């Protein structure tokens, strides 16, 4: 392709030669052939109506007429920007030449008409001399206009060809050309800030500075401070004054030392509807005309478009450089763009940042040349995962991410994280914009955290077991003692000891619950339940405690509530018990009230509001933000009156969040506290009678004295206490100290039910249960009810033991009433083996 300057020179000569032609078709043909010679790939074709064609066109338009245009059959986007501009300017000048030919043709037509009139009306020659002179004058004016158009076109070419390094240099040269083309002596260019209504000087011509004797001329003016030259902005149109000394209402005069003026023209430069600058020229050798206005406006509009394009290109380049810098300096990562082609089955990188060298051991050029050099490093299994997720993301045009293992050229395997989003280009190609980062350290940290959490969970499970086991013996012995004859003092001692044991058990449960919530191990169980059952359970638990303190305890349900809801009733009960227990603990007079009301149904969820109010000590405003933190109480001194570890409200807050609810508190110190709990529930597809009632207790089976129970327990104290409690409840009990002995006992005599400890020597409870279910103790015992009675009380333990084949679960320390209920639920309606 020819050099841009050579092309500009050739176009200049071409247009000068074409200016000599008089045949319009010949001008268009020669111009087309010359352009095809300069740019063989464009293949221009002239058409009189380019607007009806779908191809790209170059229109032949002047300010007053349209002369068709050229269809561009080649790829104009391949032209350099300067050559693209040269071609556009050449087409614009060609349009002006065609306009001149048209004007010449018009003149020729007039001459022909005149000749006919002279031939026909020779007798009237003298009378028509004056008219002929006028026509000759018009012709000369038209020719002058054509010559001036040529001068303006050449001036525009000079401006476009002028090499400039900054916009200021370009505008200075433009202003000089404007002075030359208008035949003026002076000129200026001001930027205009329409938002602040202020001018800022850009350029003055050298002649202005030489003629001006003002020592420190202003370079910035408010619009309101300007006189006649500001009218171009105020009136939003060009202003011409050919007699500057004549009176003018807009003139304010100019200061002493100002360059003398006798004529003046200023025009506003628009960008859309906004004035961005004004250009002015003065002291022309002759009068300024509307033609001057038109030509100067056209010139400055073209110049401003060039400046805007240059600014846009510079901003784009700077933005690209900034993005490239950001992506290249991404720590331990890289940015990429992957082209999938129009069909979505190709893989070709169109951009890869410098981080690819550290992540994959290849250069950006290698990755751009062959995407497989990166994909080949991904393990086969992870590559299949990426392909599957890409396909799913592509189907929904959504973001996908993956953690994969890559093997570096050095042989080292490291973890990487990909995230990418697809989009479709105008070309219909699908590209993925994504990032990749090294997560090797993160994976190791996560594995270490998982190991630590596992160790913590194992420790908590072990501590729970080791604490609950002796607690079970203590509580069992206390319950046995309670079944003996005691005097009032002994009963008081016994009740105190039982309360302390229960308190210790609750503390252990709170600690375990807090750790489970924080570790994300809580599993919600959705099942139908009744709010009436929740009320009954709360009153059963807390009515006696409230009565002992002389407090009223009310629990009301709004009549608009449905009889049955679906949710995790055990977690709801845990929350309510904590809140009601706290309310009773911190209230000495008055009472505690629980009110439950519906808030409304939305998106299939019914929100229910629980308000737990008390007339207790209240909470100081300064402490309200701390009460939900673990191990925190409103009283923190050695003289505090209320015991507790400060875990209850922390667990409540976390459980409420887990259930998708909200919790708020309103408290006045010395007056009382109200806890507002809002929880979402779904409505059931079962009848209210089918819902679980949390307080539903089986009938006491103490009368079934003939039930024979096999009790497997390795702890001597728990074995003794449990055996005696069961016997006092009317059961026949046979014991075993491990799973193997339990199997032996089961083969020796029939039993109605087995109470199975889990952790035992020789054979544990889970192994023993599986052996029984497999028929190793005889086919008749394979279906015998088995209840896990164990100190394992972590989340998931119950489900694990039930999955092993057990039918029930009771956590240590065991309450005899709870144990009897569990036994009855599995044996109700069955005849004891001793009656068979």
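In our numbering, the protein residues as written are 13 to 848.
By construction, the Cβ of each residue, glycine as well, lies at the ideal position given by its N, Cα and C atoms.
Since this is a predicted model, take the numbers as computed values, not measurements.
Let me check you understand the geometry: is the CB of residue i closer than 7 Å to at least one non-hydrogen atom of the ligand HEM?
i: residue 675; result: Among the ligands in the structure shown, none appear at all, so the ligand HEM cannot be discussed.
State the CB to CB distance for the pair residue i and residue j, rounded to an integer number of angstroms; the pair is presumed to be in contact (CB under 8 Å).
i: residue 826; j: residue 801; result: 6 Å
i: residue 611; j: residue 604; result: The Cβ separation is near 22 Å, so there is no contact.
i: residue 575; j: residue 542; result: 6 Å
i: residue 766; j: residue 804; result: Wrong, their Cβ atoms sit about 17 Å apart, outside the cutoff.
i: residue 538; j: residue 580; result: 6 Å
Assuming residue i is part of the alpha helix (DSSP H), what are its boundary residues?
i: residue 801; result: Segment 798–802 is the beta strand (DSSP E) holding residue 801; no alpha helix (DSSP H) there.
i: residue 236; result: Taken as a continuous stretch (DSSP letters only), residue 236 belongs to no alpha helix (DSSP H), as it is neither H nor E.
i: residue 376; result: 376–381
i: residue 596; result: 581–597
i: residue 537; result: It is not in any alpha helix (DSSP H) - residue 537 carries neither H nor E in the DSSP assignment.
i: residue 759; result: 751–760
i: residue 130; result: 93–132
i: residue 837; result: 828–839
i: residue 248; result: Residue 248 -> no alpha helix (DSSP H), and no H or E assigned at all.
i: residue 771; result: Premise fails: residue 771 is in no alpha helix (DSSP H) and is neither H nor E.
i: residue 7; result: The displayed coordinates of the chain run from 13 to 848. Any statement about residue 7 would go beyond what the structure contains.
i: residue 543; result: 543–560
Could you give the distance in angstroms between the alpha-carbon of residue i and the alpha-carbon of residue j?
i: residue 777; j: residue 463; result: 27 Å
i: residue 61; j: residue 73; result: 12 Å
i: residue 625; j: residue 839; result: 42 Å
i: residue 695; j: residue 829; result: 32 Å
i: residue 583; j: residue 498; result: 38 Å
i: residue 241; j: residue 278; result: 7 Å
i: residue 493; j: residue 506; result: 8 Å
i: residue 810; j: residue 682; result: 43 Å
i: residue 311; j: residue 189; result: 10 Å
i: residue 842; j: residue 466; result: 43 Å
i: residue 194; j: residue 260; result: 23 Å
i: residue 745; j: residue 496; result: 20 Å
i: residue 95; j: residue 101; result: 10 Å
i: residue 739; j: residue 732; result: 11 Å
i: residue 126; j: residue 76; result: 26 Å
i: residue 845; j: residue 792; result: 12 Å
i: residue 183; j: residue 313; result: 12 Å
i: residue 347; j: residue 679; result: 53 Å
i: residue 446; j: residue 430; result: 7 Å
In the DSSP assignment, what are the bridge partners of residue i?
i: residue 427; result: 417
i: residue 820; result: 799
i: residue 391; result: Looking at the DSSP assignment, residue 391 forms no beta bridge with any residue, so it has no partner.
i: residue 605; result: 566 and 625
i: residue 746; result: 722
i: residue 79; result: Answer by DSSP bridge pairing: none, since residue 79 is not bridged.
i: residue 434; result: 444
i: residue 203; result: 212 and 289
i: residue 253; result: 276
i: residue 351; result: 360 and 443
i: residue 58; result: 82
i: residue 294; result: 198 and 276
i: residue 614; result: 617
i: residue 232; result: 212
i: residue 283; result: 286
Tell me where the beta strand (DSSP E) around residue i begins and ends.
i: residue 690; result: 684–694
i: residue 372; result: Residue 372 -> not in any beta strand (DSSP E); alpha helix (DSSP H) instead, spanning 368–372.
i: residue 784; result: From DSSP, residue 784 is part of no beta strand (DSSP E) but of the alpha helix (DSSP H) over 777–785.
i: residue 71; result: 68–73
i: residue 766; result: 765–768
i: residue 680; result: 674–680
Could you check if residue i is buried or exposed, using at least 16 other CB atoms within 10 Å of its CB as the buried criterion?
i: residue 708; result: Caution applies to residue 708, whose pLDDT of 42 falls short of 50 and renders its modelled position unreliable; the value that the coordinates give is listed next. Looking at its Cβ environment, which holds fewer than 16 other Cβ atoms inside 10 Å, residue 708 is exposed.
i: residue 372; result: buried
i: residue 35; result: exposed
i: residue 774; result: exposed
i: residue 103; result: buried
i: residue 8; result: Examination of residue 8 is not possible in this model, given that the chain is present from 13 through 848 alone.
i: residue 122; result: exposed
i: residue 750; result: buried
i: residue 597; result: buried
i: residue 834; result: buried
i: residue 191; result: buried
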